[in-house]
Amino acid sequence: MSVAAGKVAAFGMPVLRGKSALVTGAGRGIGQAIAVSLARAGAFVFLCARTAAQVRRVEERIRRMGLCAEAFAADVSCEEDVKSLFSRIRSRKARLDILVNNAGVGRFGPIERCSAEEFDEMMAVNARGTFLCCREAVPLMSGRKGGVIINIASVVGIKGYAEQIGYTASKHAVVGLTKALAAEARSRNINVAVILPGGVDTEMVRRARPDIRRSELLKPCD
Numbered sequence: 000m001s002v003a004a005g006k007v008a009a010f011g012m013p014v015l016r017g018k019s020a021l022v023t024g025a026g027r028g029i030g031q032a033i034a035v036s037l038a039r040a041g042a043f044v045f046l047c048a049r050t051a052a053q054v055r056r057v058e059e060r061i062r063r064m065g066l067c068a069e070a071f072a073a074d075v076s077c078e079e080d081v082k083s084l085f086s087r088i089r090s091r092k093a094r095l096d097i098l099v100n101n102a103g104v105g106r107f108g109p110i111e112r113c114s115a116e117e118f119d120e121m122m123a124v125n126a127r128g129t130f131l132c133c134r135e136a137v138p139l140m141s142g143r144k145g146g147v148i149i150n151i152a153s154v155v156g157i158k159g160y161a162e163q164i165g166y167t168a169s170k171h172a173v174v175g176l177t178k179a180l181a182a183e184a185r186s187r188n189i190n191v192a193v194i195l196p197g198g199v200d201t202e203m204v205r206r207a208r209p210d211i212r213r214s215e216l217l218k219p220c221d
């Protein structure tokens, strides 16, 4: 989501005024840019990341802009963390209008150097984390007003690249999950979509492809 989206208004009012949103992986990169954009559009944004210091810095940034945000440290791959996160959101806002599943990890290299633990971590954060957050969000969105769920996958979710075995498998899972949930949640007035970013100048991409010129990559706020 472009930061420019935050400038869109209807009759002089922010288009998301009165709405609440949750962005996972909001401590940096794409997640941070999405969170700021949603806040600028008028939403109350719940921020989630594993690293408390990172996500609190984003919260402070948004609040310095005179906008609304609240940070939580949570591991989306942990069922208890996710349940606790949504319980706190429920107590604060009663419902959730927008969920952006952005949290993700990547480990890259030849298949023989990909440990089972690394593979499991990518599946746990990227796929299981998306599932757990969707499962908790749907009851908070169901009803007349509905909601929107956006899952951030990757172009590797529909393609395959060398030395990205676990990451590619996990992002294919996110794409499949999105298709299934979109079919299921439509009757509850919940729209579910997936975004497949290409090369974005994030720490993960720089680690995976140190040979790529940063000038050729999109910026997270693009």
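Heads up: the sequence shown begins at 0 in numbering that gives the first Met the number 0, then just goes up one per residue. Glycine is no exception: its CB is placed at the ideal position from the N, C-alpha and C atoms.
Between the stretch 152-165 and the stretch 113-120, the count of Cβ pairs shorter than 8 Å is three or higher; the stretches touch. In this structure, DSSP gives C47 an extended state, which the three-state scheme calls strand.
For S141, there is no enclosing alpha helix (DSSP H), as DSSP marks it with neither H nor E. Taken atom to atom, the span from the alpha-carbon of I29 to that of A93 is near 27 Å.
In this structure V154 is exposed. Its beta-carbon is surrounded by fewer than 16 other beta-carbon atoms within 10 angstroms. In the structure shown, the three-state DSSP call for N188 is coil. Contact between A20 and V99 holds: their C-beta atoms lie close to 7 Å from each other, under 8 Å. Non-local beta-carbon contacts of D80 in its own chain, meaning distances under 6 Å to residues more than five positions away in sequence, involve A73 and D74 in chain order. With 16 or more neighbouring CB atoms inside 10 Å of its own CB, G146 falls in the buried class. The beta carbons of A184 and V193 sit no closer together than 8 Å. Listed in chain order, the non-local C-beta contacts of L15 below 6 Å within the same chain comprise A40, G41 and A42, local neighbours out to five positions each way being set aside. In the structure shown, the three-state DSSP call for V54 is helix. The beta-carbon separation of L46 and V35, rounded to 10 Å, does not stay under the 8 Å limit for a contact. Taking the Cα positions, A48 is about 30 Å away from R143. Residue environment analysis places N188 among the exposed positions, since fewer than 16 neighbouring C-beta atoms fall within 10 angstroms of its C-beta. Distance from the CA of S169 to the CA of M140, rounded to the nearest whole angstrom, comes to 26 Å.
The DSSP-derived three-state label of S19 is strand.
Within the stretch 92-180, the complete alpha helix (DSSP H) segments at least 4 residues long are 115-121 and 128-140, listed from N- to C-terminus. Within the same chain, and ignoring the five residues on either side of K18 in sequence, the residues whose Cβ sits closer than 6 Å to its Cβ are A42 and D96. The beta-bridge partner set that DSSP reports for E69 consists of F45. As the crow flies, the alpha-carbon of A123 is around 24 Å from that of R89. In this model, G26 and L180 are separated by some 26 Å (Cα to Cα).
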